[in-house]
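Residue numbers (full-length UniProt numbering): 1 to 656.
Backbone N, C-alpha and C define an ideal beta-carbon position, used for all residues, glycine too.
The block underneath contains the structure these notes are about, expressed in structure tokens.
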Amino acid sequence: MSFQNLPLKPFSMIEPYKNLPTHRSDPMNDEEIVGFENESEKIIQYLIRGTNEIDAVPIVGMGGQGKTTIARKVYNNGSIVHHFDVRAWCIISQSYNRRDLLQEIFRQVTGKEDKEDKEDILADKLKKSLTGKRYLIILDDMWDGKAWDDLRLSFPDVGNRSRIVITTRLEEVAKQVKHHIDPYSLPFLTSDDSLKLLQKKVFQQESCPPSLQDVSKAVTERCKGLPLVIVLVAGIIKRNKMEASWWHEVKNSLVSYHGEAEGYILSTMQLSYDNLPDHLRPCLLYMGMFSEDARIPVSQLISLWIAECFVQNIESRRLEETAEGYVNDLISCNVMMVSGRRYNGKVKYCQVHDVVLHFCLNKSREEKFMLAVKGNPNRFQSSRWKDRRVGFNFTDEFFSLGSKTFRQRLRSVKMTHEGNSCDRASFSQVSDMRLVKVLYLNFPDAQIWLDIFKPLIHLKYLAVHSITKFDWLPKLPHLETLIVRKIAMGSTLPTNIWKMEKLRHVETPRGIVDRYKDKKGMFDESSKLENLRIFRNVVIEEADNLDVLLRRCPNLQQLGISFMKAPTDDSTSGVGFSFMNAPTDDSTSGEDDYAKPFHINMESHTTQLQSLRLFFPGSPVLGLQLPSNLKKLVLSMVPADRAVSFIAGLPVLEYL
């Protein structure tokens with residue numbers, strides 16, 4: 001059966017099961033999608049009206065041709081949303097991890113996290129969670145038929161027209177996954193759709209002036225119906241969109257299309273890169289440090305750019321504000337995409353198209369800007385490379401980071417491990433990187449000891465997934481960003497943090513401020529972190545210590561605090577702290593020392609605070625004076641009626 005021969009007929013709607021849990025992680029739909037109306041309608045009709053058996057629907061096309069675009073259009077269609085009980089969208093990419101894929105699909109289908117390590121058990125859980133439901137799974141950007149073999153047994157066939165849509169560049173993959181229906185080969189955009197897309201990308205909500213209609217059509221003809229080329233060209237033209245001479249200059253710069261379409265896209269990407277301002281070029285190339293299809297937190301990217309000294313120091317503007325402008329500029333140039341926004345419309349997550357990533361990697365290698373090493377780094381011959389910025393992507397338990405001489409000259413290192421285990425001894429090589437300024441270690445299954453960082457006194461950015469013992473951190477005088485995702489339960493914040501005066505961004509998973517242990521740290525009047533702007537997920541045992549923290553960090557803009565019970569015995573270590581339990585109806589005064597009410601006044605020390613998260617696990621909050629400049633407030637474990645009284649004096653609050 002072929003899509004091209006599929007007739008368009010009316011179809012009857014089938015009411016989905018309304019009582020089933022649904023958690024959808026829709027792909028970012030930041031703007032209206034142009035084109036592919038007929039194509040998407042044919043696919044929608046088949047997904048709803050086709051065979052009762054489960055079916056895999058392959059969409060095949062070259063990079064930048066619009067496979068993800070049409071899949072997104074189908075996925076978010078109202079009829080599709082209504083027809084399927086649950087939907088999930090998962091990006092496969094060239095280097096995938098089966099466990100991660102199963103966990104992600106399970107999370108979207110059930111709305112629950114599952115940290116099961118054994119893949120077969122997780123696959124069975126996913127199958128059981130899908131049984132009885134009509135489901136739609138999008139597997140985007142599949143490069144290898146093995147990925148289909150790794151997942152397909154988790155998709156049960158119960159005769160209810162469940163569907164899996166696969167997008168791929170490779171005909172052989174499309175043929176391998178097909179079941180009842182032939183692969184759908186994506187066409188190029190029509191001339192009308194191409195012109196519509198170009199003008200929409202250039203003029204946004206405005207109309208193209210009549211004086212530019214002819215030249216815009218001429219530019220469109222040079223784009224040959226390739227959506228990514230059109231988008232990139234629009235990003236160039238936007239700089240001087242009202243000048244016909246600029247349109248003609250861009251048109252003449254587009255090479256004639258005689259060879260492979262993918263080569264044409266890359267040449268257009270080169271043109272786009274050449275037209276970027278000088279200060280944005282390293283920011284774009286730096287995207288090559290991230291994995292394919294990575295969804296990158298903008299706050300993390302900004303901290304990295306600052307640590308790399310990519311951000312110009314403009315008087316009257318903070319570095320973070322300037323860097324945020326860089327993000328918006330790259331998005332405006334259409335070389336970076338929005339993949340998630342904040343409550344106020346600002347960009348929260350960004351990513352780049354894999355074709356753009358491919359260009360960044362090639363250009364970085366050409367300009368000796370950065371080197372990306374994937375797979376087995378033991379085959380990596382470090383003597384051949386002079387790069388000082390390296391991204392490693394490991395799969396093996398044991399790994400080598402090149403020769404000691406190579407490690408000693410490194411300035412920026414990003415290390416990611418996608419295997420199930422890694423050798424702790426291999427981490428000792430990190431200590432040789434004595435000149436490194438940026439260090440990003442994403443090893444989910446490894447416990448890293450902080451003593452390996454002691455020689456790295458030039459560090460400005462340190463991000464670590466898991467740390468074994470967190471209450472001690474070597475003094476790193478230049479550190480600006482510290483991000484830790486996982487620490488042992490009950491870990492206290494290292495006392496040295498309060499002496500690192502250049503810190504701008506700190507994130508820890510419930511790191512405890514322990515006044516009984518930290519008598520010369522935060523509570524030393526000389527300790528002041530005036531540069532600190534972001535401080536997330538810190539735990540404080542009582543309200544008095546919050547006042548101390550705010551005095552030490554006077555310029556905070558984002559703060560996240562959890563409160564917990566302090567020990568009644570002053571000799572007790574903070575490691576013994578426990579989260580406070582909510583009071584019961586029959587509890588009596590004096591029987592449980594949880595009941596010291598919180599009276600919190602944050603007005604006097606937080607004139608710049610804009611975003612605040614407060615978590616009171618069972619703690620009575622009787623008074624809460626908040627800074628009037630707050631724009632975002634999240635209160636957890638606070639009765640709704642009391643929360644309303646707390647926000648009465650917040651005139652600029654935008655999010656609660």
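Would you list, in sequence order, the uninterrupted alpha helix (DSSP H) runs of no fewer than 4 residues that lie entirely inside the segment 151-206? 171-177 and 191-203
Buried or exposed (CB count within 10 angstroms, at least 16 for buried), Trp498: Taking the first residue of the sequence shown as position 1, residue 498 is located at position 498. It counts as buried.
For Gly225 and Ser272, which I take to be in contact (beta-carbon distance under 8 angstroms), what is that distance rounded to the nearest angstrom? Counting from 1 along the sequence shown, the entry for residue 225 is found at position 225. Counting from 1 along the sequence shown, the entry for residue 272 is found at position 272. About 18 angstroms; that fails the 8 angstroms criterion.
Note down the Cα distance separating Leu284 from Leu357, rounded to an integer number of angstroms. On the sequence shown, residue 284 is found 284 positions in, with the first residue counted as 1. On the sequence shown, residue 357 is found 357 positions in, with the first residue counted as 1. If you take the alpha carbons of Leu284 and Leu357, they lie about 9 angstroms apart.
Every unbroken alpha helix (DSSP H) within the segment 36-88, with a cutoff of 4 residues, ordered by chain: 37-49, 67-75 and 78-83
Taking the straight line between their C-alpha atoms, what separation do you get for Tyr184 and Thr416? Indexing the sequence shown from 1 puts residue 184 at position 184. Indexing the sequence shown from 1 puts residue 416 at position 416. Those two C-alpha atoms are separated by around 35 angstroms.
Are the CB atoms of Thr68 and Thr167 nearer to each other than 8 angstroms? Taking the sequence shown and counting its residues from 1, the one referred to as residue 68 is at position 68. Taking the sequence shown and counting its residues from 1, the one referred to as residue 167 is at position 167. Yes, the Cβ-Cβ distance between Thr68 and Thr167 is below 8 angstroms.
When Lys133, Leu479 and Leu266 are compared against Val158, the one with the closest alpha-carbon: On the sequence shown, position 158 is the one that residue 158 refers to. Residue Lys133 is the option with its Cα nearest to Val158.
Given that a residue counts as buried once 16 or more other Cβ atoms are within 10 Å of its Cβ, and exposed if not, what is Trp449? The residue given as residue 449 occupies position 449 in the sequence shown. Looking at its Cβ environment, which holds fewer than 16 other Cβ atoms inside 10 Å, Trp449 is exposed.
When DSSP labels each residue in this structure, what does Pro509 get in the three-state scheme? Walking along the sequence shown from the start, residue 509 turns up at place 509. Looking at Pro509 - three-state DSSP - the assignment turns out to be strand.
Taking just the CA atoms, how far does Gly623 sit from Phe646? Start at 1 with the first residue of the sequence shown, and residue 646 comes out as number 646. Start at 1 with the first residue of the sequence shown, and residue 623 comes out as number 623. The straight-line gap from Cα to Cα measures roughly 8 angstroms.
In angstroms with no decimal places, state the Cα-to-Cα distance between Val335 and Trp247. Working through the sequence shown from its first residue, we reach residue 335 at position 335. Working through the sequence shown from its first residue, we reach residue 247 at position 247. Going by the C-alpha atoms only, they are around 19 angstroms apart.
Delimiting residues of the beta strand (DSSP E) encompassing His465: Along the sequence shown, read from residue 1 onward, the residue named residue 465 stands at position 465. First-last of the beta strand (DSSP E) with His465: Tyr461 to Ile467.
Starting from Asn328, trace the alpha helix (DSSP H) in both directions and tell me its first and last residue. For the purposes of this step, residue 328 is taken as the residue at position 328 of the sequence shown. Unbroken alpha helix (DSSP H) run through Asn328: Leu319 to Ser332.
Compare the Cα-Cα distances from Thr322 to each of Cys333, Arg341 and Leu301 and report the closest residue. Here residue 322 is taken as the residue at index 322 of the sequence shown, counted from 1. Answer by Cα proximity: Leu301.
Own chain partners of His478 with C-beta closer than 8 angstroms, once the 5 adjacent residues on each side are dropped: The count along the sequence shown starts at 1 and reaches residue 478 at position 478. Excluding sequence neighbours, His478 sits near Lys437, Ile457, His458, Leu459, Lys460 and Lys502.
For Asp432, count the other beta carbons within 10 Å of its own beta carbon; 16 or more makes it buried, fewer makes it exposed. Which is it? Within the sequence shown, residue 432 is the residue found at index 432, counting from 1. The residue in question, Asp432, is buried, as its Cβ has 16 or more Cβ neighbours within 10 Å.
CB-CB length for Leu609 against Leu529, believed under 8 angstroms: By one-based count along the sequence shown, residue 609 stands at place 609. By one-based count along the sequence shown, residue 529 stands at place 529. That belief does not hold up - the Cβ atoms of Leu609 and Leu529 are roughly 14 angstroms apart, past 8 angstroms.
Other residues of its chain near Leu482: CB distance less than 6 angstroms, five sequence neighbours each side excluded: Along the sequence shown, read from residue 1 onward, the residue named residue 482 stands at position 482. The answer, listed in chain order, is Leu462 and Val506.
Three-pair Cβ contact test at 8 angstroms for the segment 50-65 versus the segment 163-179: yes
Determine the closest residue to Ser129 out of Ile92, Cys223, Gln103 and Asp144, with distance taken between C-alpha atoms. Translated into positions along the sequence shown, residue 129 becomes position 129. When only C-alpha atoms are compared, the closest one is Gln103.
Quick one: any contact between the segment 357-372 and the segment 274-293, if contact means 3 or more CB pairs under 8 angstroms? yes
Whole angstroms are fine: how far does the CA of Ile80 sit from the CA of Thr161? Along the sequence shown, read from residue 1 onward, the residue named residue 161 stands at position 161. Along the sequence shown, read from residue 1 onward, the residue named residue 80 stands at position 80. A small fix is needed here, since residue 161 is Arg in this sequence, not Thr. Distance between the alpha carbons of Arg161 and Ile80 is about 12 angstroms.
8 angstroms contact criterion, which Ala244 and Asp140 should meet: CB distance rounded: If you number the sequence shown from 1, residue 244 lands on position 244. If you number the sequence shown from 1, residue 140 lands on position 140. The pair is not a contact, with the Cβ atoms about 39 angstroms apart (cut-off 8 angstroms).
When Pro617, Ser93, Val86 and Leu550 are compared against Arg295, the one with the closest alpha-carbon: Along the sequence shown, read from residue 1 onward, the residue named residue 295 stands at position 295. Measuring from the Cα of Arg295, the nearest candidate turns out to be Ser93.
Which word fits Tyr75, buried or exposed, when buried means at least 16 other C-beta atoms lie within 10 angstroms of its C-beta? Taking the sequence shown and counting its residues from 1, one reaches residue 75 at position 75. Burial call: buried.
Taking Asn537 and Arg510 to be in contact with their CB atoms under 8 angstroms, please state how far apart those CB atoms are, rounded to whole angstroms. Locating residue 537 in the sequence shown gives position 537, counting from the first residue. Locating residue 510 in the sequence shown gives position 510, counting from the first residue. Indeed, because the Cβ distance is near 6 angstroms, the residues count as touching under 8 angstroms.
Alpha-carbon to alpha-carbon, Arg163 and Ile138: Here residue 138 refers to the residue found at position 138 when the sequence shown is read from its first residue. Here residue 163 refers to the residue found at position 163 when the sequence shown is read from its first residue. Approximately 9 angstroms, taken between the alpha carbons.
When DSSP labels each residue in this structure, what does Val538 get in the three-state scheme? Taking the first residue of the sequence shown as 1, we reach residue 538 at position 538. Of the three classes helix, strand and coil, the one that applies to Val538 here is strand, per DSSP.
By the three-class DSSP mapping on this structure, what secondary structure does Met336 have? As a first step, residue 336 must be located in the sequence shown, where it is residue number 336. Three-state DSSP puts Met336 in coil, outside helix and strand.
Quick one: give me the first and last residue of the beta strand (DSSP E) that Tyr655 is part of. Residue mapping note: residue 655 aligns to position 655 of the sequence shown, counting from 1. Tyr655 -> no beta strand (DSSP E), and no H or E assigned at all.
DSSP on Met287, reduced to helix/strand/coil? One-based indexing of the sequence shown puts residue 287 at position 287. Three-state result, Met287: helix.
Among Leu614, Ile512 and Arg551, nearest to Leu559 - alpha-carbon criterion: Within the sequence shown, residue 559 is the residue found at index 559, counting from 1. Checked all of Leu614, Ile512 and Arg551; the closest Cα to Leu559 is Leu614.
Please indicate yes or no: does the CB of Gly145 lie closer than 7 angstroms to some heavy atom of the ligand ADP? Among the ligands in the structure shown, none appear at all, so the ligand ADP cannot be discussed.
Using three-state DSSP, classify Asn629 as helix, strand or coil. On the sequence shown, position 629 is the one that residue 629 refers to. The answer is coil: DSSP assigns Asn629 none of H, G, I, E or B.
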